[in-house]
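Residues are numbered in this note's numbering as their position in the sequence shown, beginning at 1, plus a constant of 1. Below is one structure, written out as structure tokens; comments come after it.
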Amino acid sequence: MEKYTEKKKRNQVFQNFIKKFVGEKQMDLIKDCNTFLAFVTDKEQTKKKLYKNNMCKNRFCPMCAWRRARKDALGLSLMMQYIKQEEKKEFIFLTLTTPNVKAEELNDEIQKYNKSFKKLVERKKVKAMMKGYVRKLEITYNKQRDDFNPHFHVLIAVNKSYFTDKNYYISQKEWLEMWRDVTGMPEITQVHVQKIKQNNNKELYEMAKYSGKDSDYLINQKIFDAYYKSLKGKQILVYSGLFKETRKKLKNGELDYLKEIDPTEYLYQIYYIWNQKEYLASELHELTEEEKRKINHQTINEIEEEK
């Protein structure tokens, strides 16, 4: 319960910062968020799976963002499996960054990023090698300098021959030159690019998690405001090409055959209630035969982040 407790405590901090941006009804949902959790557990009570909870679904809520990231990471994993198996593609992971900016420049900088990225993917050489991408906007905060670094993580599908075909392969040096060119910032010193090992959960979770770390955006009201104003209404994950097509299949259940079946035999349900500081186990009962049929031997619907 450690992670749930940590995220719920951060939700309480979040309540203070978000209240000026939301109405009374939404605020009530945020306050009540995950005050009740029901888990199913096995005979020894060593393996727990969240079965029911009450969520506010606010994209900045630490608890809801964490829960969603686990589901989104599985979605990415399934899309990658499908694209690798059916489309015979490989993947590279590209990180694009620029120098840090102050809070008041953050929104404009993100808009510039979007324009620069559009120019980059329109480049002839990039167009030729890129068969689809998932792009995520992330913002980190530097406490020492009191500034922000927006950057893009980009997961790109490429032909298997990409790594050996000199007509299509783009070196790290070329990526850097192109990114400098489209941003008009020759002072950029690095871009990071690497081949992805299939289904590295850490990389998948990195892509799926929310655009800011709650440990960053919940430092104080000023920092939260900068994150909130620059990210509100913006699309965090953008899908294109093969990823856009495959995401439609994911959403309508066509990729469910790739999901693993949970091998755990769940026998009990445990209820936890939040008491302002921690979750207290309030009740344990044995599942009915109908509940067992409904809960056991089902597909796994999320990826746990690696420590």
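Positions of the beta carbon are idealized from the N, C-alpha and C atoms, including for glycine.
Item, Value
"Nonlocal neighbours in the same chain, by C-beta distance under 6 Å from L30, ignoring five residues either side", "C57"
"Residue of N59, G213 and K210 minimising C-alpha distance to G24", "N59"
"Nearest to P151 (by Cα), restricted to the options K198, G133, V122 and I237", "I237"
"Where the beta strand (DSSP E) through K10 begins and ends", "It is not in any beta strand (DSSP E) - K10 instead sits in the alpha helix (DSSP H) that spans E3 to I19."
"When W176, N55, K26 and G213 are compared against L95, the one with the closest alpha-carbon", "W176"
"Coarse secondary structure for E87, derived from DSSP in three states", "helix"
"Where the beta strand (DSSP E) containing Q277 begins and where it ends", "First-last for Q277: undefined, no H or E at that position."
"Beta bridge counterpart(s) of D148 as assigned by DSSP", "N143"
"Secondary structure, beta strand (DSSP E): runs of 3+ residues fully inside the region 148-181", "148-160"
"L251 versus S78, Y114 and M64, residue with shortest Cα-Cα distance", "S78"
"Of the listed residues V239, T190, K126 and E284, nearest to E139 (C-alpha basis)", "V239"
"Alpha carbon of G234 to alpha carbon of C62, nearest angstrom", "15 Å"
"For K53, the residue or residues it bridges with in DSSP", "A39"
"Simplified DSSP state of K308, which is helix, strand or coil", "Residue placement at K308 is flagged as unreliable, the pLDDT there being 44, under the threshold of 50; a coordinate-derived value is accordingly withheld."
"For K4 and K308, the rounded distance between their alpha carbons", "At K308 the pLDDT is 44, less than 50, meaning the model places this residue with poor confidence; the figure from the coordinates comes in the next sentence. Rounded to the nearest angstrom, the two C-alpha atoms are 11 Å apart."
"Nearest residue (CA-CA) to K85, options L243, V155 and Y272", "L243"
"Chain-order list of residues whose beta-carbon lies under 7 Å from that of K89 (same chain, five-residue window excluded)", "K161"
"CA nearest to the CA of L107, picked from G76, Q16 and D147", "D147"
"Range of the contiguous beta strand (DSSP E) that encloses L238", "L238 to G242"
"For F164 and Y83, the rounded distance between their alpha carbons", "20 Å"
"Exposure label - Y267; buried when at least 16 CB within 10 Å", "buried"
"Residue interval of the beta strand (DSSP E) (run including K196)", "H193 to K196"
"Sequence ranges, beta strand (DSSP E) only - wholly within the region 60-128, length at least 3", "90-98"
"Rounded distance between the beta-carbons of I157 and Y134, thought under 8 Å", "5 Å"
"Residue environment, M64, which counts as buried when at least 16 other CB atoms sit within 10 Å", "buried"
"Cβ-based burial, Q270 [other Cβ within 10 Å; buried from 16]", "buried"
"T190 in three-state terms, based on DSSP", "coil"
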